[in-house]
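Visitor: Following this message is one structure expressed as structure tokens.
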Amino acid sequence: MNGSQGSKLRLWSCAAIFGAAAAMHSGLASAGYNDGKVFLTGGVFTVDGAGGGGAVPWATITGYETRDGINGGIGYTYANLPALQLNVFGGAIGFYDRFELSYATHKLSLNLSNLDTVALVAEALGGLDLGTDPWNSTLQMDVYGAKLRLFGDAVYTSDSWIPQVAIGGLYKENKTGDLVRTLGANKAKDWEAYLAATKVFFPLSTLVNFTVRYTSANQIGLTGFGECSADGCTNDKEFRFEASVAHLLSKNTAIGFEYQQHGDNLDGKSVSLAGLPLEGLTGLLGNLLPGVEDALTQEKESDWMDVFFAYAPNKNLSFVIAYLMLGNISVAQDQNGFYMSMHATF
Amino acid sequence: MKLSKIGLSLVTGAALLAASAQPAFAGEQKTKPILGIPKSALDDFGGAAGVHAWVESLFYYIMLDNRISHIFREFGNVERQIALNTQLEQMVLGGAVEYQGASMSAAHADLGITMTQFNAVVEAAYNACERNNVPYKTCNHLIAALAPFTRVIVTR
Numbered sequence: 001m002n003g004s005q006g007s008k009l010r011l012w013s014c015a016a017i018f019g020a021a022a023a024m025h026s027g028l029a030s031a032g033y034n035d036g037k038v039f040l041t042g043g044v045f046t047v048d049g050a051g052g053g054g055a056v057p058w059a060t061i062t063g064y065e066t067r068d069g070i071n072g073g074i075g076y077t078y079a080n081l082p083a084l085q086l087n088v089f090g091g092a093i094g095f096y097d098r099f100e101l102s103y104a105t106h107k108l109s110l111n112l113s114n115l116d117t118v119a120l121v122a123e124a125l126g127g128l129d130l131g132t133d134p135w136n137s138t139l140q141m142d143v144y145g146a147k148l149r150l151f152g153d154a155v156y157t158s159d160s161w162i163p164q165v166a167i168g169g170l171y172k173e174n175k176t177g178d179l180v181r182t183l184g185a186n187k188a189k190d191w192e193a194y195l196a197a198t199k200v201f202f203p204l205s206t207l208v209n210f211t212v213r214y215t216s217a218n219q220i221g222l223t224g225f226g227e228c229s230a231d232g233c234t235n236d237k238e239f240r241f242e243a244s245v246a247h248l249l250s251k252n253t254a255i256g257f258e259y260q261q262h263g264d265n266l267d268g269k270s271v272s273l274a275g276l277p278l279e280g281l282t283g284l285l286g287n288l289l290p291g292v293e294d295a296l297t298q299e300k301e302s303d304w305m306d307v308f309f310a311y312a313p314n315k316n317l318s319f320v321i322a323y324l325m326l327g328n329i330s331v332a333q334d335q336n337g338f339y340m341s342m343h344a345t346f
Numbered sequence: 001m002k003l004s005k006i007g008l009s010l011v012t013g014a015a016l017l018a019a020s021a022q023p024a025f026a027g028e029q030k031t032k033p034i035l036g037i038p039k040s041a042l043d044d045f046g047g048a049a050g051v052h053a054w055v056e057s058l059f060y061y062i063m064l065d066n067r068i069s070h071i072f073r074e075f076g077n078v079e080r081q082i083a084l085n086t087q088l089e090q091m092v093l094g095g096a097v098e099y100q101g102a103s104m105s106a107a108h109a110d111l112g113i114t115m116t117q118f119n120a121v122v123e124a125a126y127n128a129c130e131r132n133n134v135p136y137k138t139c140n141h142l143i144a145a146l147a148p149f150t151r152v153i154v155t156r
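Heads up: the protein sequence lines correspond to chains A and B, in order.
For the first sequence, position 15 matches number 15 in full-length UniProt numbering, and the numbering has no gaps at all.
For the second sequence, position 83 matches number 83 in full-length UniProt numbering, and the numbering has no gaps at all.
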């Protein structure tokens, strides 16, 4: 008796869940999906996953939905720099041109001979765990993001100077904590917040975006957050400035540039061995390998800049090709190279 | 007594003056884009004939788009809509043309136009520019001049 009642109850709850799922599905299919936004006005796929340019998140909400529905897409980005290769894969969904959720996962392969040397030495010294590998090191990071449009319309308010303004938050989870700490960072996981303002100037066929980001990230978090030194560790967030300018050559083709201010947490820091700064050891190493002391001192972190070319053959696909000028990254100088990104929207 | 009569006539006179400053019909005003519209905008479009050809292309693309064609079909008399739009577009581009149609808010008040439908017309507008070989930059001056109407046209 009890048993049959229990199974009936389970049956009912099953039916209720199925019903709710079916209702949600049909609701999404009939009223939810929307792709009515004008070309490229949702932005493309940033390395943070959020809708925007290449590195700078914009105030526009991702996808081609208008205020009437939901849209989203997936993106893949590859950047090839002399000492590193970055692969980013992710996706974002825009809700009613008001709210956005995003995810991106990073894989950054380092080919730094000087860092390889450290790993070799560490292994020779008896297997210190630095998170590096003698021949290759890979940094990994997951980024979860949300963005809320506050006010304004980036596209149609051509008779007002008020831009579209949005706030956003990112939670960055660097999966390679050991390597991040070897490079002198304090934390592997942290959040950032940003405020973005975007406006299209039709008579100039140009989109302008300014973003202020509150963060303590080193190289957008790929080399962690904050810093550690002999005096202890800090993780002081600060406001950093970013900008994008995109000039539309036609309705589906744009050229432009971006700027992203970076911090100075790891400037001049020596690579540390399992929490011990390498200064003591470099003397010893210096006798074996002349010049290693300089090679293991991190350069001044450069601000990021890029020039880009974006093309959207249709509303379901866009390509971005860029030339990145990322300057000094960790112990490597002059990291300039090519960037390619694809964004598929549904 | 006399003084108050004079006062009254002054007030009515002022009211009449204010009324005459308004156009005689409930028409539409030129928009004021922040960066202005260049003086050459209408000529760049090919003048009155160019604008008329563009509006014809616009309606060609609108009527092909089943997201929006039914709205314009139900409204009826496409020839009249083309004629009025030709006046409106010339006016917002700075032409000395009298627009004889209803205001944008009055014309669209009961239609319940969505942003998706509005954007579909904008897509048709760009297609019409391409079809008529109107340069993208020239086309954007017209888009800038028409964009402020979004507020009154999109009501849903």
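We treat Cβ as the ideally placed atom computed from N, Cα and C, and that holds for glycine.
(1) Look at the Cβ atom of I62/B, then the Cβ atom of F72/B, and state whether they are nearer than 8 Å.
(2) Name the two residues that bound the continuous alpha helix (DSSP H) containing R149/A.
(3) Would you list the residues sitting across from K107/A in a DSSP beta bridge?
(4) The beta strand (DSSP E) that contains V200/A, what's its start and end?
(5) Distance check for T345/A and S26/A, CA to CA, integer angstroms please.
(6) Am I right that H108/B and I68/B are in contact with their C-beta atoms under 8 Å? What's the rounded C-beta distance?
(7) Is it buried or exposed for T234/A, if we count other Cβ within 10 angstroms and need 16 for buried?
(8) Starting from I153/B, follow its DSSP beta bridges and name the residues at the other end.
(9) Go to W54/B, then tell me how far its alpha helix (DSSP H) extends in each direction, as first and last residue.
(10) Can you have a look at S330/A and say buried or exposed, based on whether 16 or more other CB atoms are within 10 angstroms of its CB?
(11) Name the residues in the segment 148 to 172 of chain A whose C-beta lies less than 8 Å from a C-beta of chain B; which are they?
(12) For a contact meaning CB atoms closer than 8 Å, what does T66/A contact in chain B?
(13) Looking only at C-alpha atoms, which of L248/A, G263/A, G337/A sits nearest to G256/A?
(14) Does DSSP classify H108/B as helix, strand or coil?
(15) List the endpoints of the continuous beta strand (DSSP E) containing Y76/A.
(16) Applying the 10 Å Cβ sphere with the 16-neighbour rule, what's the burial state of T211/A?
(17) For E242/A, tell me which candidate among N209/A, A230/A, D231/A has the shortest Cα-Cα distance.
(18) Just checking: is the beta-carbon of Y84/A within a distance shorter than 8 Å of some beta-carbon in chain B?
(19) Quick check: what's the CA-CA separation for N111/A versus F39/A?
(20) Of all Cβ atoms in chain B, is any one closer than 8 Å to the Cβ of P203/A?
(21) Would you check if the distance between the CB atom of A145/B and the CB atom of I37/B is smaller than 8 Å?
(22) Quick one: give me the first and last residue of the alpha helix (DSSP H) that K137/B is part of.
(23) Quick test of your reading: G221/A and N265/A, contact by CB under 8 Å. State the CB separation rounded to the nearest angstrom.
(24) Three-state secondary structure (DSSP) at L296/A?
(25) Which residues in chain A sit within 8 Å of Y136/B, going by Cβ to Cβ distance?
(26) May I have the straight-line CA-CA distance separating P23/B from A96/B, to the nearest angstrom?
(27) When the distance is taken between beta carbons, is S244/A closer than 8 Å to G63/A?
(28) Against chain B, which members of the segment 26 to 56 of chain A pass a CB distance test of less than 7 Å?
(29) If we define contact as Cβ-Cβ less than 8 Å, is A106/B a contact residue for chain A?
(30) A120/B and G224/A: beta carbons closer than 8 Å?
(31) Does DSSP classify V121/B as helix, strand or coil?
Guide: Straight from the coordinates:
(1) Contact flag set, yes.
(2) Following the DSSP letters along the chain, one finds R149/A in no alpha helix (DSSP H) but inside the beta strand (DSSP E) bounded by residues 137 to 151.
(3) In DSSP, K107/A forms a bridge with N87/A, Q140/A.
(4) Following the DSSP letters along the chain, one finds V200/A inside the beta strand (DSSP E) bounded by residues 189 to 201.
(5) Note that S26/A scores 49 on pLDDT, short of 50, meaning its location in the model is unreliable and no value can be drawn from it.
(6) Between I68/B and H108/B the Cβ distance is about 13 Å, and since that is not below 8 Å, they are no contact.
(7) Around the Cβ of T234/A, a 10 Å sphere holds fewer than 16 other Cβ atoms; the residue is exposed.
(8) I153/B is not bridged to any residue.
(9) Where W54/B is concerned, the enclosing alpha helix (DSSP H) stretches over 47 to 64.
(10) Around the beta carbon of S330/A, 16 or more other beta carbons lie within 10 angstroms, which makes this residue buried.
(11) The residues in question are D153, V155, Y156, T157, S158, D159, S160, W161.
(12) Residues of chain B whose Cβ lies closer than 8 Å to the Cβ of T66/A are, in chain order, T114, M115, T116, N119.
(13) Checking every option, the nearest Cα to that of G256/A belongs to L248/A.
(14) H108/B: helix per DSSP, three-state reduction.
(15) Its beta strand (DSSP E) spans residues 70 to 81.
(16) Counting the other Cβ atoms within 10 Å of the Cβ of T211/A gives 16 or more, which makes it buried.
(17) Ranked by Cα distance from E242/A, the first of N209/A, A230/A, D231/A is N209/A.
(18) Going by the sequence as given, residue 84/A is Leu instead of Tyr. Output row for L84/A: interface = no.
(19) If I take the Cα positions, the gap works out to 39 Å.
(20) Interface annotation, P203/A: in contact with chain B, CB-CB separation under 8 Å.
(21) With respect to the 8 Å criterion, A145/B and I37/B are classified as neighbours on the basis of their beta carbons.
(22) K137/B -> alpha helix (DSSP H) spans 136 to 146.
(23) Cβ atoms of G221/A and N265/A stay farther apart than 8 Å, at about 11 Å.
(24) Look at L296/A here: in three-state DSSP terms it is coil, with no helix or strand label.
(25) Simply S205, L248, L249, S250, K251.
(26) Low per-residue confidence applies at P23/B: pLDDT is 46, beneath 50, and the placement is therefore not dependable enough to give any value.
(27) It is not a contact, given that the beta carbons lie outside the stated cut-off.
(28) Listed by position along the chain: N34, G36, K37, V38.
(29) No, because no Cβ of chain A sits closer than 8 Å to the Cβ of A106/B.
(30) Going by C-beta atoms, A120/B is not nearer than 8 Å to G224/A.
(31) Looking at V121/B - three-state DSSP - the assignment turns out to be helix.
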